[in-house]
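Residue numbers (the UniProt record's numbering), protein chains in the order written: chain A, 1 to 369; chain B, 1 to 231.
All residues carry an ideal CB built from backbone N, CA and C; glycine is no exception.
Please read all numbers here as calculations on a predicted model, not as lab measurements.
A short write-up of the structure that comes next.
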Amino acid sequence: MSALSVAVAHRLGAFALDVAFEAPAGVTALFGRSGSGKTTLVNVIAGLLQPREGRVAVGGHLLLDTAGSVAVPRHRRRVGTVFQEGRLFPHLTVRQNLLFGRWFAPRGEPGAEVGAVVEMLGIGPLLGRRPAGLSGGEKQRVAIGRALLAKPRLLLMDEPLSALDDDRKAEILPYIERLRDRAGVPIVYVSHSVAEVARLADTLVVLDAGRVAAAGPAGEVLSRLNVAPLSGARESGAVLEARVAAHDDDFALTTLVTGAGALRVPRVAAPLGTTLRIQIPARDVMLSRDAPRHTSALNVLPATVAEIRPIDAAGATADLRLACGDAVILARITRLSLAEMGLVPGAAVFALVKSVALDPARPPARGGR
Amino acid sequence: MTGWLGPEARDALRLSLLVAATATGASLLPGLAIATLLARGRFPGRMLLDTLVHLPLVLPPVVTGYLLLIVFGRRGIVGGWLADHLGLVLAFRWTGAALACAIMGFPLMVRAMRLSIEGVDRKLEEAAGTLGAGPAAVFALVTLPLVLPGVIAGAILSFARAMGEFGATITFVANIPGETQTLPSAIYTFTQVPGGEGDALRLTLVSVAVSMLALVLSELLARSLKRRLGA
């Protein structure tokens, strides 16, 4: 049985939403640019919007079924929601905000412990304060805790980081990772950032103009070419699981073993054996037909061209999907290079990986400002 | 104090405080209900209700008082029923003065509350709903605390209006010392009798002091609430 089952048809002016997907437990990312229907979908799941037609079930509980006239009101859905803007209650302290949902949650049912949540989110020092005095990152951490302590069946996070700058994002992401690994509540995470999705999601549902453009396990979907144009031109890339295999202290390098082969990257502060998720941005993969010698690139992977797709016919670049060991990596090169190198599907190439974006489990930024 | 104000003047002050407090207290719940209805409700007749609530603000107070006399007097439709069934007589009693003051202060109270309710971020109420709070709990735990500054401002405006009400009160319940002679009525009376200037002036000073106290109090309350909300 899937943890989450959603089917929605709705019309808002000229915008039509027609979406259906199933997701297992873990983190399901709803991904797409603004206007793709993400927020409408969130509002339907949370019970803030009644769609024309729809069916929503969470862990076997039917929350909405327009065909069967089921529409559980939002306060009985137990869908803990973390909004983009936090929406903390300004008249209550952080502690009172956190405990708000406890009043209404069914007693005796297992749920997150206040102490554990406070510790996991690093908000102990904030408990006596009021939301007005908190930074953006602190507010979002409190909002996450508040939703979690309402003993939700599903945690719905609607672009919880989009209002924050990069430093604040980096401050919160580790807490959300811990949530994913520890809380045991299925999470729907809405985002338009490839980096966040690549880092957090187990399942990925890509929305485009109100429809599901792709859905499936996150790594697989992210590597598919047709996602690239949806994700904004700069960010697309392959996502790989990587294991920390060796550290080289002399040159401050770490060797990661991935399905595509071994990659050497600047020293990662993670113990041997740790599994990380890395992204290889398509624009940072160069191609060569011959085995390059005397190159500064540390990582040269033999590969075979699997698929070629111009992003748009008038554009300067094309995306290539490369079969590389057991994995697929993406490369973005100019259409001129493509023509000059005479690349066609099946051609053997060497991929020079210039950079690997990995968010190693950096030491969590506790109580950061 | 005893020697400073004459017994009549003291009675008038005491009565005025009682009448104003009763009027304000009795208006709070209906005021909040109607303010919520006007701020949130979409129903036919909303304009009419809005106009009715605001009518006492623009009608001459004498007209309001006379209408009250017709409706709530001993032989009025409502007044007669109240007297026969509940033994509650309003005409020429201090309770009638409280009713007149409540009606005159009502538009001010509703306006302040309504503005405050319209200023509440409904997204906070949605958030409370997703946390499991039903509509009543959302109102009690989120909406009401957030509109509290407006409720207090409305109450203080209504109280101040009641302390100064003259026209409607004197028309509806006359000017009976010890029963319906409120502060403004007493000042008016003192100015009409020879040798009353001293009492008139002293009551005027009291009236100014009470009004200033009310304004200062409301300002302090508003500030402390604002600080709590961090605005």
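So, at 7 Å on beta carbons, what are the nonlocal neighbours of A65 of chain A in its own chain, with the 5 sequence-adjacent residues on each side left out? On the first sequence, residue 65 of chain A is found 65 positions in, with the first residue counted as 1. Just to set this straight, residue 65 of chain A is Asp in the shown sequence, not Ala. Counting only Cβ-Cβ distances below 7 Å, and skipping sequence neighbours, we find R55.
Does the count of Cβ pairs from the region 100-107 of chain B and the region 185-198 of chain B closer than 8 Å reach three? No: fewer than three Cβ pairs fall under 8 Å.
Kindly indicate if chain B contains any beta-carbon less than 8 Å away from that of T81 of chain A. Here residue 81 of chain A refers to the residue found at position 81 of the first sequence. Cβ-Cβ to chain B under 8 Å: yes for T81 of chain A.
Tell me which residues share the same chain as R362 of chain A and place their Cβ nearer than 6 Å to its Cβ, disregarding the 5 neighbours each side in the sequence. Locating residue 362 of chain A in the first sequence gives position 362, where the first residue counts as 1. Residue placement at R362 of chain A cannot be trusted, given a pLDDT of 34 that sits under 50; what the coordinates show is reported in the next sentence. Correct list: empty, nothing qualifies.
Could you tell me which residues DSSP puts in a beta bridge with G261 of chain A? The sequence position of residue 261 of chain A within the first sequence is 261, counting from 1. Partner(s): A:T258.
Taking only beta-carbon atoms, is D11 of chain B less than 8 Å away from chain A? As a working note, residue 11 of chain B is residue 11 in the second sequence. No, D11 of chain B does not count as interfacial toward chain A.
Helix, strand or coil at F43 of chain B [DSSP, three-state]: Indexing the second sequence from 1 puts residue 43 of chain B at position 43. In the structure shown, the three-state DSSP call for F43 of chain B is coil.
Residues of the region 104-125 of chain B with a CB closer than 9 Å to any CB of chain A: list them in chain order, please. The region 104-125 of chain B vs chain A, Cβ under 9 Å: D121, K123, L124.
Burial state of R234 of chain A, where buried means 16 or more other Cβ atoms lie within 10 Å: Residue numbering aside, residue 234 of chain A sits at position 234 when the first sequence is read from its first letter. Any answer about R234 of chain A is weak, because its pLDDT of 47 lies below 50 and its placement is not dependable; what the coordinates show is given next. R234 of chain A should be labelled exposed.
Using only alpha-carbon positions, find the residue among B:A174, B:T169, B:V110, B:A186 that is nearest to V151 of chain B. Taking the first residue of the second sequence as position 1, residue 151 of chain B is located at position 151. Taking V151 of chain B as reference, the option from B:A174, B:T169, B:V110, B:A186 with the minimal CA-CA separation is B:V110.
Please list the terminal residues of the continuous alpha helix (DSSP H) segment that includes D167 of chain A. Within the first sequence, numbered from 1, the residue matching residue 167 of chain A stands at position 167. Residues 166-182.
Under a three-way DSSP split, which group does S185 of chain B fall into? To locate residue 185 of chain B, count along the second sequence from 1; it is residue 185. Correct three-state label for S185 of chain B: helix.
Cα-Cα separation, R267 of chain A to E53 of chain A: Within the first sequence, residue 267 of chain A is the residue found at index 267, counting from 1. Within the first sequence, residue 53 of chain A is the residue found at index 53, counting from 1. The alpha-carbon atoms of R267 of chain A and E53 of chain A are separated by roughly 52 Å.
Integer-rounded CB distance, given that L338 of chain A should sit under 8 Å from A318 of chain A: Translated into positions along the first sequence, residue 318 of chain A becomes position 318. Translated into positions along the first sequence, residue 338 of chain A becomes position 338. Going by Cβ atoms, the distance from A318 of chain A to L338 of chain A rounds to 5 Å, so yes, they are a contact pair.
Smallest Cα separation from P145 of chain B: which of B:A162, B:I117, B:F166? As a first step, residue 145 of chain B must be located in the second sequence, where it is residue number 145. Of B:A162, B:I117, B:F166, the residue nearest in Cα terms is B:I117.
Give a yes or no on whether the minimum CB-CB distance between T130 of chain B and chain A is below 8 Å. Stepping through the second sequence from its first residue, residue 130 of chain B is reached at position 130. Yes, because at least one Cβ of chain A sits closer than 8 Å to the Cβ of T130 of chain B.
Under 8 Å: do the region 29-36 of chain A and the region 190-203 of chain A share three or more Cβ pairs, one atom per stretch? yes
Does the region 8-27 of chain B come close enough to the region 69-81 of chain B that 3 or more CB-CB pairs lie under 8 Å? no
So, does the CB of F100 of chain A fall closer than 8 Å to a CB anywhere in chain B? Position 100 of the first sequence holds residue 100 of chain A. Yes, contact with chain B.
Using the beta-carbon of each residue, which ones in chain B are nearer than 9 Å to residue 372 of chain A? Absent from the model: residue 372 of chain A. The displayed extent of chain A is 1 to 369, so no value can be given.
Check whether the Cβ atoms of A153 of chain B and A98 of chain B lie closer than 8 Å to each other. Here residue 153 of chain B is taken as the residue at index 153 of the second sequence, counted from 1. Here residue 98 of chain B is taken as the residue at index 98 of the second sequence, counted from 1. Cβ atoms of A153 of chain B and A98 of chain B: not closer than 8 Å.
Output, in sequence order along the chain, the residues in the region 35-63 of chain A whose CB is closer than 8 Å to any CB in chain B. Close to chain B, meaning a Cβ-Cβ distance shorter than 8 Å, are the following residues of the region 35-63 of chain A: A46, G47, L48.
Under a three-way DSSP split, which group does S16 of chain B fall into? If you number the second sequence from 1, residue 16 of chain B lands on position 16. DSSP, read as helix, strand or coil, puts S16 of chain B in helix.
Starting from the Cα of V206 of chain B, find the closest Cα among B:K123, B:I187, B:A133, B:L86 and give me that residue. Locating residue 206 of chain B in the second sequence gives position 206, counting from the first residue. Nearest of B:K123, B:I187, B:A133, B:L86 to V206 of chain B, Cα basis: B:I187.
For P69 of chain B, which of B:R223, B:G167, B:T204 has the nearest alpha-carbon? Position 69 of the second sequence, counted from the first residue, corresponds to residue 69 of chain B. Looking at the sequence provided, one finds Leu at residue 69 of chain B rather than Pro. When each option's Cα is compared against that of L69 of chain B, the closest is B:G167.
P110 of chain A versus S5 of chain A - alpha carbon distance: For the purposes of this step, residue 110 of chain A is identified with residue 110 of the first sequence, where counting begins at 1. For the purposes of this step, residue 5 of chain A is identified with residue 5 of the first sequence, where counting begins at 1. Spanning the two alpha carbons is a distance of roughly 23 Å.
Mind checking the region 100-116 of chain A against chain B and listing, in chain order, the residues whose C-beta falls within less than 7 Å of any C-beta there? Cβ contacts with chain B: F100, G101, F104, A105.
Of the residues A:A67, A:I45, A:L88, the one placed nearest R76 of chain A, counting alpha carbons only: Working through the first sequence from its first residue, we reach residue 76 of chain A at position 76. The residue with the shortest Cα to Cα distance from R76 of chain A is A:I45.
In whole angstroms, what is the alpha-carbon distance linking P281 of chain A and E138 of chain A? Taking the first residue of the first sequence as position 1, residue 281 of chain A is located at position 281. Taking the first residue of the first sequence as position 1, residue 138 of chain A is located at position 138. If I take the Cα positions, the gap works out to 30 Å.
In this structure, what does DSSP give as the bridge partners for L161 of chain A? The residue you call residue 161 of chain A lines up with position 161 of the first sequence. DSSP, once it has assigned bridges, lists no residue as partnering L161 of chain A.
How is I329 of chain A classed by DSSP in three states: helix, strand or coil? In the first sequence, residue 329 of chain A corresponds to position 329, counting from 1. DSSP places I329 of chain A in strand when its eight states are reduced to three.
Ends of the beta strand (DSSP E) at R321 of chain A? Within the first sequence, the letter at position 321 stands for residue 321 of chain A. Looking at the DSSP string, the run of the beta strand (DSSP E) that includes R321 of chain A is 317-324.
Are there three or more Cβ pairs, one per stretch, closer than 8 Å when the region 125-145 of chain A is compared with the region 78-97 of chain A? yes
So, does the region 37-57 of chain B touch the region 156-165 of chain B, judging by three or more C-beta pairs under 8 Å? no
Looking only at its chain, what residues have a beta carbon closer than 7 Å to the beta carbon of S288 of chain A, apart from the 5 residues adjacent to it on each side? Against the first sequence, residue 288 of chain A aligns to sequence position 288. Around S288 of chain A: V349, F350, L352.
Residue-chain proximity (H91 of chain A, chain B), Cβ-Cβ < 8 Å: For this step, residue 91 of chain A is matched to residue 91 along the first sequence. Interface residue, yes.
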